[in-house]
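Residue numbers (UniProt numbering), protein chains in the order written: chain L, 1 to 258; chain P, 1 to 266.
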């Protein structure tokens with residue numbers, strides 16, 4: 001009985017949390033956008049987007065390089081090293097670009113968002129905004145949400161582009177695959193709607209999930225040092241799991257059914 | 001006497017724990033009203049209830065004759081522009097300078113030009129003696145200075161009501177004196193109504209026009225400083241004189257020590 005009871009209690013807590021998260025997002029997004037808030041969004045874009053650029057670019061480069069190296073050793077046995085270009089490009093655009101960007105984003109920007117909002121709560125800054133008749137959902141949550149939504153797809157595109165260049169560096173410049181076939185077979189294989197656009201859609205969905213989790217975990221955190229540390233960890237764990245799970249669902253929907 | 005805030009038969013509980021059980025409390029306009037009581041009885045909660053951040057289970061809270069409890073969200077935000085709160089930590093925005101902190105409510109709620117805002121901010125900072133600290137970041141301020149900067153921000157929009165949450169907690173004697181003086185002077189000069197929530201008996205008795213003492217979920221004493229001092233309630237006297245044991249027990253409720261050592265307590 002105790003066991004059943006604890007399952008029930010946990011379910012109720014989780015469902016209540018989902019409800020609170022939805023209310024928070026709703027409260028942040030129904031607001032009429034004000035011109036005053038544009039600089040806030042731009043500032044947040046800098047924080048979550050521009051400051052994540054370096055880690056995204058370095059990771060993209062190395063992943064592209066590793067893929068070219070691995071792909072080459074397999075493809076060369078069949079004399080198919082000309083297909084290295086599409087292999088690298090398709091893996092990056094369809095899967096690795098959106099997914100790895102989302103995972104890195106959760107660790108780099110998501111955890112920072114959670115900690116920042118959690119600390120604002122702990123130091124009563126959110127309460128004091130409310131008492132100043134400024135809605136923290138609109139002032140703090142909304143700009144961060146939109147910045148995340150805008151930044152992540154852009155980061156994913158940059159990640160894939162750098163990865164493809166990294167693949168070129170290893171495959172063409174070091175291992176001697178023909179440069180013409182690297183690019184031309186890639187061009188004829190990669191489809192704009194099927195591959196590029198689907199990758200961007202994935203990345204928009206991941207952006208929604210990761211940013212939402214990060215902001216909600218901060219906003220809903222227990223305002224103590226222990227609570228914030230727990231919230232930050234949960235942000236990274238939940239967003240990573242959500243991204244990987246959703247990736248399977250999205251892949252099945254986009255590429256699974258012919 | 002006219003009251004700016006009227007709390008009528010308020011009941012509030014957090015989960016199972018009852019914090020207030022039918023308290024009635026009035027805040028006269030233009031005066032300093034102190035709310036005292038031992039720590040942990042939810043004095044801050046009372047301020048949050050007045051500010052509409054928490055909803056009571058029963059009873060009503062009137063701010064200038066209008067019910068905070070049943071107000072629409074829009075009306076509540078409008079009412080909040082007329083009240084402000086000084087948080088215990090100051091709650092300054094850590095990513096802005098002192099100047100920007102004080103200018104923040106003005107920029108949010110008015111369309112004044114930058115020049116006028118700069119003038120108003122300078123005046124408010126002058127009032128709390130921090131005009132020279134306008135360009136410092138909150139992390140560079142001492143605790144007392146941070147609270148004064150927060151006070152400047154709290155009076156930036158010239159509110160009708162200002163609520164102080166433990167303004168004296170953790171202050172050295174000089175900052176304490178400065179804050180006592182500021183609360184009194186600002187109240188009289190700006191025609192404010194002030195609510196001071198605190199457990200620092202000595203300071204409060206010198207500035208408060210009217211005092212409420214809360215304990216055990218209800219109001220246990222009220223009156224002017226003199227009336228409170230003369231109170232014959234044991235509880236009030238224990239609180240004023242800081243006696244370790246009395247109606248508020250020294251021991252947190254527990255089974256008898258001997259019994260619990262002998263394993264009979266459970």
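We treat Cβ as the ideally placed atom computed from N, Cα and C, and that holds for glycine.
Expected contact under 8 Å - CB spacing of residue i and residue j to nearest Å
i, j, result
"residue 179 of chain L", "residue 170 of chain L", "13 Å between Cβ atoms; not a contact."
"residue 90 of chain L", "residue 190 of chain L", "6 Å"
"residue 124 of chain P", "residue 146 of chain P", "Going by Cβ atoms, the distance from residue 124 of chain P to residue 146 of chain P rounds to 15 Å, so no, they are not a contact pair."
"residue 181 of chain L", "residue 245 of chain L", "Not really, about 37 Å apart at Cβ, beyond 8 Å."
"residue 117 of chain L", "residue 185 of chain L", "At roughly 47 Å, the Cβ-Cβ gap does not stay under 8 Å, so residue 117 of chain L and residue 185 of chain L are not in contact."
"residue 241 of chain L", "residue 205 of chain L", "Contact flag wrong, Cβ pair sits at about 14 Å."
"residue 118 of chain P", "residue 131 of chain P", "With a Cβ gap of about 11 Å, residue 118 of chain P and residue 131 of chain P do not count as contacting."
"residue 92 of chain L", "residue 164 of chain L", "6 Å"
"residue 80 of chain P", "residue 37 of chain P", "Their Cβ separation, rounded to whole angstroms, is 25 Å, which puts residue 80 of chain P and residue 37 of chain P out of contact at 8 Å."
"residue 86 of chain P", "residue 127 of chain P", "Actually they are not in contact, since the Cβ atoms of residue 86 of chain P and residue 127 of chain P sit about 14 Å apart, beyond 8 Å."
Terminal residues of the beta strand (DSSP E) in which residue i lies
i, result
"residue 214 of chain P", "210-215"
"residue 109 of chain P", "Here residue 109 of chain P belongs to no beta strand (DSSP E); instead the alpha helix (DSSP H) covers 98-109."
"residue 3 of chain P", "3-14"
N- and C-terminal bounds of the alpha helix (DSSP H) containing residue i
i, result
"residue 32 of chain P", "Per DSSP, residue 32 of chain P belongs to no alpha helix (DSSP H); it is in the beta strand (DSSP E), 32-36."
"residue 210 of chain L", "198-219"
"residue 25 of chain P", "Run containing residue 25 of chain P: none in the alpha helix (DSSP H); it sits in the beta strand (DSSP E), 17-28."
"residue 22 of chain L", "2-29"
"residue 77 of chain P", "73-80"
"residue 173 of chain P", "173-189"
"residue 131 of chain P", "Neither: residue 131 of chain P is in no alpha helix (DSSP H) and is coded neither H nor E."
"residue 137 of chain P", "Here residue 137 of chain P belongs to no alpha helix (DSSP H), and DSSP marks it neither H nor E."
"residue 194 of chain L", "Where residue 194 of chain L is concerned, there is no enclosing alpha helix (DSSP H), given that its DSSP letter is neither H nor E."
"residue 183 of chain L", "179-189"
"residue 144 of chain P", "143-154"
"residue 257 of chain P", "257-261"
Three-state secondary structure (DSSP) of residue i
i, result
"residue 66 of chain P", "strand"
"residue 58 of chain P", "strand"
"residue 232 of chain P", "coil"
"residue 34 of chain L", "coil"
"residue 121 of chain P", "helix"
"residue 243 of chain P", "coil"
"residue 251 of chain P", "coil"
"residue 141 of chain L", "helix"
"residue 53 of chain P", "coil"
"residue 132 of chain L", "coil"
"residue 162 of chain L", "helix"
"residue 169 of chain P", "coil"
"residue 171 of chain L", "helix"
"residue 113 of chain P", "coil"
"residue 147 of chain L", "helix"
"residue 117 of chain L", "helix"
"residue 256 of chain L", "helix"
"residue 206 of chain P", "helix"
"residue 123 of chain L", "coil"
"residue 91 of chain P", "coil"
"residue 45 of chain L", "helix"
"residue 47 of chain P", "helix"
"residue 155 of chain L", "helix"
"residue 40 of chain L", "helix"
For residue i, the residue or residues it bridges with in DSSP
i, result
"residue 163 of chain P", "P:85, P:195"
"residue 223 of chain P", "P:211"
"residue 218 of chain P", "P:215"
Where residue i meets chain B, residues with beta-carbon distance less than 9 Å
i, result
"residue 38 of chain L", "Note that chain B does not occur in the displayed structure, where the protein chains are L and P."
What are the start and end residues of each continuous alpha helix (DSSP H) run of 4 or more residues lying completely inside the segment 47-114 of chain L, in chain order?
Secondary structure remark: continuous alpha helix (DSSP H) runs of at least 4 residues inside the segment 47-114 of chain L, in chain order: 53-75, 84-90, 97-105.
Return the chain-ordered ranges of every alpha helix (DSSP H) run that is complete within the segment 215-250 of chain L and spans a minimum of 4 residues.
Those alpha helix (DSSP H) runs which fall completely within the segment 215-250 of chain L and span 4+ residues do not exist here.
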